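One structure is given here, and the rest of the page talks about it.
Residue numbers (our numbering): 502 to 794.
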């Protein structure tokens, strides 16, 4: 099992390297207490930077160099997360890809956009590619109550709840053809995610999965004039770096949060215990994202 930590800023990295167990506990204990009976490996295996949901969270040139220097100092490799990008955003990100490929030619990039994937394959063939969880569609609606006897008895529904894009043979064949080496997923709230998917390597995010995301960010509109509310923004002051909201609904089956333009669900305690137990017996990468929210 590998442990990767998604950092929102490189400054957190020194603390993460010195005290990974304490940092994991800092994220998990407010939600689960001390009932997990699990400690991570004694050192980190990888650092994640960037974001799979928002282009405004991608690192600039100075921040990228700080991450690379942190990677060199800690002796762990880097992964760059990338979101869905428009043509204009892709043009603005090309210098980032240039700098990353020049600095770390064998580094890993997680793609959540077929256009980004095609660009990276053509322009930066040395980079290692992973398919991000935005590409992995699955059922995550928090309002489904599995205690309903009709739902529990429906085999077709059970298959739907357990299946995702990444489990489809058609996708796996395409992914191999496109040079993807790794598949990155959430733990589904209503069905198990397969931990192994040869010939691909696997990553599972914790303790949050994502429900949905979009180009319009409600949180970014806070305190803005009407002309800047609920529209795509070319720049953002980043209120999501300091603010995460918990959403409540009478039919929610698990806890739901919003951070930036994305809505997340918190894994239940049984889900977390199952994930940690299964990951400890295999070659799975667990990606802690609590420090990035």
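Note that the Cβ used here is the ideal one computed from N, Cα and C, for glycine as well.
Bear in mind the structure is a predicted one, so any value in this text is a computation, not a measurement.
For residue i, count the other beta carbons within 10 Å of its own beta carbon; 16 or more makes it buried, fewer makes it exposed. Which is it?
i           : result
residue 709 : buried
residue 634 : buried
residue 729 : exposed
residue 587 : exposed
residue 673 : buried
residue 572 : buried
residue 556 : buried
residue 589 : exposed
residue 545 : buried
residue 553 : buried
residue 749 : exposed
residue 551 : buried
residue 761 : buried
residue 667 : buried
residue 675 : exposed
residue 560 : buried
residue 735 : exposed
residue 727 : exposed
residue 531 : exposed
I'd like to know whether the C-beta atoms of residue i and residue j end up nearer to each other than 8 angstroms.
i           : j           : result
residue 602 : residue 568 : no
residue 717 : residue 732 : yes
residue 577 : residue 613 : no
residue 770 : residue 536 : yes
residue 611 : residue 582 : yes
residue 704 : residue 682 : no
residue 789 : residue 505 : yes
residue 502 : residue 783 : yes
residue 758 : residue 773 : no
residue 643 : residue 712 : yes
residue 665 : residue 714 : no
residue 600 : residue 562 : yes
residue 607 : residue 629 : yes
Name the DSSP beta bridge partners of residue i, please?
i           : result
residue 713 : 764
residue 686 : 705
residue 758 : 747, 765
residue 609 : 580, 629
residue 505 : 547, 788
residue 681 : 630
Quick check on this structure: which residue in the options has the alpha carbon closest to the alpha carbon of residue i?
i           : options            : result
residue 702 : 758, 609, 711, 620 : 609
residue 754 : 580, 765, 744, 620 : 765
residue 707 : 529, 617, 546, 618 : 529
residue 679 : 667, 779, 615, 737 : 615
residue 632 : 640, 723, 687      : 687
residue 575 : 621, 514, 622      : 514
residue 566 : 596, 591, 592      : 596
residue 801 : 639, 646, 649, 507 : Because the chain spans 502 through 794 in this model, residue 801 falls outside it and cannot be assessed.
residue 751 : 738, 677, 645, 726 : 645
residue 699 : 677, 507, 621      : 677
residue 508 : 523, 547, 723      : 547
residue 570 : 599, 620, 512, 622 : 512
residue 618 : 636, 605, 523      : 636
Sorry if obvious, but does the Cβ on residue i come closer than 7 angstroms to a heavy atom of the ligand FAD?
i           : result
residue 521 : In terms of ligand content, the structure shown is empty, and the ligand FAD therefore cannot be addressed.
### Whole beta strand (DSSP E) elements within the region 537–602, 3-residue minimum
As summarised for the region 537–602, the continuous beta strand (DSSP E) elements at least 3 residues long and confined to that stretch are 547–551, 579–582, given in chain order.
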